[in-house]
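Note sheet for the following structure.
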Amino acid sequence: MTKDIISRYYAAFNAGDGEGMLALVTDDVEHHVNQGEIRRGKEKFAEFCAHMGVSYREELRDIVILAEGDRAAAEFTVHGTYLQTDPGLPEAKGQTYVLPAGTFFALRDGKIARVTTYYNLADWVRQVS
Numbered sequence: 643m644t645k646d647i648i649s650r651y652y653a654a655f656n657a658g659d660g661e662g663m664l665a666l667v668t669d670d671v672e673h674h675v676n677q678g679e680i681r682r683g684k685e686k687f688a689e690f691c692a693h694m695g696v697s698y699r700e701e702l703r704d705i706v707i708l709a710e711g712d713r714a715a716a717e718f719t720v721h722g723t724y725l726q727t728d729p730g731l732p733e734a735k736g737q738t739y740v741l742p743a744g745t746f747f748a749l750r751d752g753k754i755a756r757v758t759t760y761y762n763l764a765d766w767v768r769q770v771s
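If you want it as structure tokens, here you go:
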């Protein structure tokens, strides 16, 4: 069940289906962002997803999901295009990037309660600069 939920989450991500992603998270989801603040709650997660959809176009490939009980981890490669400048980051000019990344999940009552994503920000900055 856990692996299926994570597979559906990534299928929604790759389809650009923010509502599909939101349907899979708890109301009090914690989103631990790489080198950033923790976003708490579905509303903050929805804001993040909307922002990402405007600033970046990304497809996750080579996804490998490991799951046990109510925990899961996924490793994947992000293939993206930087569409709109994010404050504090290099100027967006349609640059493309390929970036290895990973996410850890905790589930509760059949929904995702925590999303913790890691990637090498310095590598991303180098690729888009």
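For the sequence shown, this note's numbering assigns the number 643 to the initial residue and increments by one for each residue that follows. Here a beta-carbon is modelled for each residue, glycine too, at the ideal position from N, C-alpha and C.
| request: With DSSP as the reference, label residue 735 as helix, strand or coil. | output: coil
| field | Under 7 Å between C-beta atoms of residue 739 and residue 676 | value | Against a cut-off of 7 Å, the Cβ pair of residue 676 and residue 739 comes out as no contact.
| task | For residue 697, I'd like the list of residues in its chain whose CB is within less than 8 Å of its CB, leaving aside the five on either flank, ordered along the chain. | result | Apart from sequence neighbours up to five positions away, the residues of its chain that approach residue 697 with a beta-carbon distance below 8 Å are 724, 725, 726, 727, 728 and 734, ordered along the chain.
| request: For the alpha helix (DSSP H) containing residue 696, list its first residue and its last residue. | output: Unbroken alpha helix (DSSP H) run through residue 696: 684 to 697.
| task | Could you check which residue in 689, 749, 661 and 670 has the C-alpha nearest to that of residue 648? | result | 749
| Does DSSP classify residue 675 as helix, strand or coil? | coil
| request: Give the range of the alpha helix (DSSP H) segment to which residue 764 is assigned. | output: Residue 764: member of the alpha helix (DSSP H) spanning 763 to 770, first to last residue.
| residue 743 by DSSP, collapsed to three states: which one? | strand
| request: Would you give the residue range spanned by the alpha helix (DSSP H) that residue 644 belongs to? | output: 644 to 656
| said: Quick check on residue 675 - is its C-beta less than 7 Å from some C-beta in chain D? | reply: Any reference to chain D falls outside this structure, which holds one protein chain only.
| message | Considering only DSSP beta bridges, list what residue 707 is partnered with. | response | 716
| Looking at residue 743 and residue 720, is the spacing between their C-beta atoms short of 7 Å? | yes
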